[in-house]
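Asker: Before I ask anything, here is the structure I am working with.
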Amino acid sequence: TIAMKQYNLIRHMFEGSSFLANVADTSKQPNGLAALQEQLLLDICRNGTHKVRNCYQGIEVIKRRAFCQKVLLVLDDVDNVQQLKALAIDRDSFVSGSRIIITTRDASLLNLLKVDEIYAAKELNRSESLELLCWHAFKEDHPKDNYLDLSDQVVAYAGGLPLALEVLGSFLYCKSIPEWKSAISKLKKIPHVDIQAKLKISFDSLNDEVKELFLDMACFFAGTDGVSTIKILEGCNFFAAIGIRVLADRCLIKYGPCNELLM
84 TIAMKQYNLI
94 RHMFEGSSFL
104 ANVADTSKQP
114 NGLAALQEQL
124 LLDICRNGTH
134 KVRNCYQGIE
144 VIKRRAFCQK
154 VLLVLDDVDN
164 VQQLKALAID
174 RDSFVSGSRI
184 IITTRDASLL
194 NLLKVDEIYA
204 AKELNRSESL
214 ELLCWHAFKE
224 DHPKDNYLDL
234 SDQVVAYAGG
244 LPLALEVLGS
254 FLYCKSIPEW
264 KSAISKLKKI
274 PHVDIQAKLK
284 ISFDSLNDEV
294 KELFLDMACF
304 FAGTDGVSTI
314 KILEGCNFFA
324 AIGIRVLADR
334 CLIKYGPCNE
344 LLM
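For the sequence shown, my numbering assigns the number 84 to the initial residue and increments by one for each residue that follows.
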């Protein structure tokens, strides 16, 4: 959401631009990397189709044809460095003034690339959350009559997450007040399946040891001091220091202002 809005705001300032959505999912499809390469070339070169025989040829074509001009490139939801290599993402590949925006669930990829700046998306506040929910639930920026209290309950449930607000707003579109009340009661007991599935992507990408560490932390250590938690877990044969770093890089946990671990 943030990346697309930024892309639409500044794309006119560049000679060529491309927004590649769902890079991770697309790359895992048959010939997925080649498809991404072809889409990038089509977007930036804008002169017919660009078939690539294989990934290696695609890299050379991208460097020669696409990156010879000032470009804006957004790569959405990257989860592997090989995806970046296939798209020729390298500081030496771009003309001065080009801008590359990468969204990822894994901050370690950005550190590996030595990017100029990392922006950690923050939760929306109440006002921003309500507006986003309303655009999806009512197709306007405010609740309909008699829906304000119900909308506030959904906003509180979503916790400032744009994904949750978009999914829930779309789900509640054109629903009656009794249907809203029923849906909110259900959400308190059973998470919405689409939200759960999308948030589970980060968890599923972990190895078994880190998954077990995450579950133990969620059950027993949420809100506890980070240093003390690491000492306890290391004593139980968990590789807690590196595991917690992985979880933080994947935005599954974070440290609070007093060094407490927050889920």
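We put the CB at the ideal spot given by N, CA and C, even for glycine.
Small disclaimer: the values here were computed from a predicted structure and weren't measured.
Please confirm if the region 205-217 is in contact with the region 234-245, defined as three or more CB-CB distances below 8 Å between the two stretches.
Answerer: yes
Asker: Could you work out which residue in ASP108, LEU170, ARG94 is closest to SER288 when comparing CA atoms only?
Answerer: Here residue 288 corresponds to residue number 205 of the sequence shown, with the count starting at 1. Comparing Cα-Cα distances from SER288 to each of ASP108, LEU170, ARG94, the minimum goes to ASP108.
Asker: Drop a sphere of 10 angstroms on the beta-carbon of PHE303, count the other beta-carbons inside from all chains shown, and report buried for 16 or more, exposed for fewer.
Answerer: In the sequence shown, residue 303 corresponds to position 220, counting from 1. Its Cβ having fewer than 16 others within 10 Å, PHE303 is exposed.
Asker: Would DSSP call SER101 helix, strand or coil?
Answerer: Counting from 1 along the sequence shown, the entry for residue 101 is found at position 18. The answer is strand: DSSP assigns SER101 an E or B state.
Asker: By DSSP's criteria, ARG182 is part of a beta bridge. Which residues make up the other side?
Answerer: Position 99 of the sequence shown, counting from 1, holds the residue named residue 182. In the DSSP output, where bridge partners are listed per residue, ARG182 has LEU155.
Asker: Would you grab the beta carbon distance between ARG188 and ASP162 for me? Rounded to a whole angstrom, and I think it's under 8 Å.
Answerer: Walking along the sequence shown from the start, residue 188 turns up at place 105. Walking along the sequence shown from the start, residue 162 turns up at place 79. That pair is a contact at about 6 Å.
Asker: For LYS258, does the three-state DSSP call read helix, strand or coil?
Answerer: Taking the first residue of the sequence shown as 1, we reach residue 258 at position 175. Note: LYS258 maps to coil in three-state DSSP.
Asker: Going straight from the alpha carbon of LYS269 to that of ASP173, what length do you get?
Answerer: As a first step, residue 269 must be located in the sequence shown, where it is residue number 186. As a first step, residue 173 must be located in the sequence shown, where it is residue number 90. Using only the alpha carbons, I get a separation of about 48 Å.
Asker: Using the C-alpha atoms, what's the distance from ILE201 back to SER100?
Answerer: As a working mapping, residue 100 is identified with position 17 in the sequence shown. As a working mapping, residue 201 is identified with position 118 in the sequence shown. Their backbone Cα atoms lie some 21 Å apart in a straight line.
Asker: Do the region 328-343 and the region 189-196 meet, that is, are 3 or more Cβ pairs less than 8 Å apart?
Answerer: yes
Asker: In chain order, what residues of the same chain lie with their CB nearer than 8 Å to the CB of ALA305, ignoring the 5 residues before and after it?
Answerer: Locating residue 305 in the sequence shown gives position 222, where the first residue counts as 1. Result list for ALA305: LEU344, LEU345, MET346, in chain order.
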